[in-house]
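Engineer: In my numbering, the protein residues as written are 5 to 265. By construction, the Cβ of each residue, glycine as well, lies at the ideal position given by its N, Cα and C atoms. This is the structure I have questions about; it appears just below.
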Ligand code: GLU
């Protein structure tokens, strides 16, 4: 990766990764990321996590095998599941002597001047204290990320808010491919591109494959938003061993979408 020593890093993990394809929260995976976060913090980076998985965990706790269509049922599931989600994050992070904090935000909060300033000041303070914020959408009051994106755009807006240098979107795919690899055998992994290039949206279109709404399109759009404040975005597999520490060591993994200089 050719990103110069990123100081502030936002790491976004999607529902399918956090919940092991819907089969309950994946403690082993969360523990793995926590261990890498500890390494990054020790190396002087500041890290924030944007994690979904509340609805998936809530469905599990409520005994729902099928994702309901009713939006208020989904919001209720998110409220139930958020309890489990932060519990697992807290215990996994504590194993590596890391402190974590729950932060629930909405796109509308970040569009409001006063709320934006408050959110920024709180996150800046948490980072100075060495605490890792675990951010999710406040699904009780909005439905943006439930309907579309699985927190991809929220992660990009957080990147803008705190002027992060890098957004890492961890997903269940190896990165952005030139076409959908499940349908086109000639598809190849794109390792480098400029965020905001309209050709990327064409490549990513319709590649939704995750447990909840999202897919590659919202990731490519998130990279475009992140680039507005100069941040680069990496889309990579969250199952890749030591993905975060290897990226920080300059290894090329997944797709790097750089901001235009
Ligand atoms: N904020 C939601 C969650 O954490 C979004 C993901 C979804 O729609 O399943 O569960």
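Residue 263 and residue 236 look like a contact to me (Cβ under 8 angstroms); what is the Cβ gap, rounded to whole Å?
Structural biologist: Confirmed, Cβ separation roughly 6 angstroms.
Engineer: Can you find a heavy atom of the ligand GLU that lies under 6 angstroms from the Cβ of residue 176?
Structural biologist: Outside the cutoff, so no.
Engineer: Could you pull the DSSP bridge partners for residue 181 from this structure?
Structural biologist: 193
Engineer: Quick check on residue 117: buried or exposed, where buried means 16 or more other Cβ atoms within 10 Å of its Cβ?
Structural biologist: Burial call: exposed.
Engineer: Would you report the Cα separation of residue 168 and residue 206, rounded to the nearest angstrom?
Structural biologist: 27 angstroms
Engineer: By the three-class DSSP mapping on this structure, what secondary structure does residue 243 have?
Structural biologist: coil
Engineer: Would you mind working out which of 228, 102, 203 and 29 sits nearest residue 51, comparing C-alpha positions?
Structural biologist: Checked all of 228, 102, 203 and 29; the closest Cα to residue 51 is 102.
Engineer: Any idea if residue 27 is buried or exposed, counting beta-carbon neighbours within 10 angstroms, 16 or more meaning buried?
Structural biologist: That one is exposed.
Engineer: DSSP beta-bridge partners for residue 236?
Structural biologist: Residue 236 pairs with 170.
Engineer: Could you tell me the distance, in whole angstroms, from the CA atom of residue 260 to the CA atom of residue 197?
Structural biologist: Rounded to whole angstroms, the separation of the alpha carbons of residue 197 and residue 260 is 6 angstroms.
Engineer: Which same chain residues end up closer than 8 angstroms to residue 150 when comparing Cβ atoms and leaving out the 5 residues on each side of it in sequence?
Structural biologist: 59, 75, 78, 79, 82, 141, 143, 216 and 217
Engineer: Nearest-angstrom Cα distance between residue 86 and residue 200?
Structural biologist: The alpha-carbon atoms of residue 86 and residue 200 are separated by roughly 32 angstroms.
Engineer: Return helix, strand or coil for residue 217, following the three-state DSSP convention.
Structural biologist: At residue 217 the pLDDT is 42, less than 50, meaning the model places this residue with poor confidence; the figure from the coordinates comes in the next sentence. In this structure, residue 217 counts as coil in the three-state DSSP scheme.
Engineer: When we look at the beta-carbon of residue 145 and count the other beta-carbons within 10 Å, is it buried (16 or more) or exposed?
Structural biologist: exposed
Engineer: Following a CB-centred definition, is residue 219 positioned closer than 6 angstroms to any heavy atom of the ligand GLU?
Structural biologist: no
Engineer: Under 7 angstroms, do residue 119 and residue 128 count as touching if we go by C-beta distance?
Structural biologist: Cβ distance not < 7 angstroms, so residue 119 and residue 128 don't count as in contact.
Engineer: CB residue 180 to CB residue 239, shorter than 7 angstroms?
Structural biologist: Their beta carbons are under 7 angstroms apart, which means residue 180 touches residue 239 by this criterion.
Engineer: Roughly how many whole angstroms lie between the Cα atoms of residue 46 and residue 209?
Structural biologist: For residue 46 and residue 209, the distance between alpha carbons rounds to 38 angstroms.
Engineer: Look up residue 145 in the DSSP assignment and say whether it is helix, strand or coil.
Structural biologist: coil
Engineer: Which of the three DSSP states is assigned to residue 164 in this structure?
Structural biologist: Helix.
Engineer: Say yes only if the C-beta of residue 156 is nearer than 6 angstroms to one or more non-hydrogen atoms of the ligand GLU, and no if none qualify.
Structural biologist: Residue 156 Cβ: outside cutoff for every heavy atom of the ligand GLU.
Engineer: If you draw a straight line from the alpha carbon of residue 3 to that of residue 123, how long is it in whole angstroms?
Structural biologist: No information on residue 3 is available, as it lies outside the stretch 5 to 265 that the chain covers here.
Engineer: Can you tell me the Cβ-Cβ gap for residue 20 and residue 176, rounded? I've got them flagged as a contact below 8 angstroms.
Structural biologist: 5 angstroms
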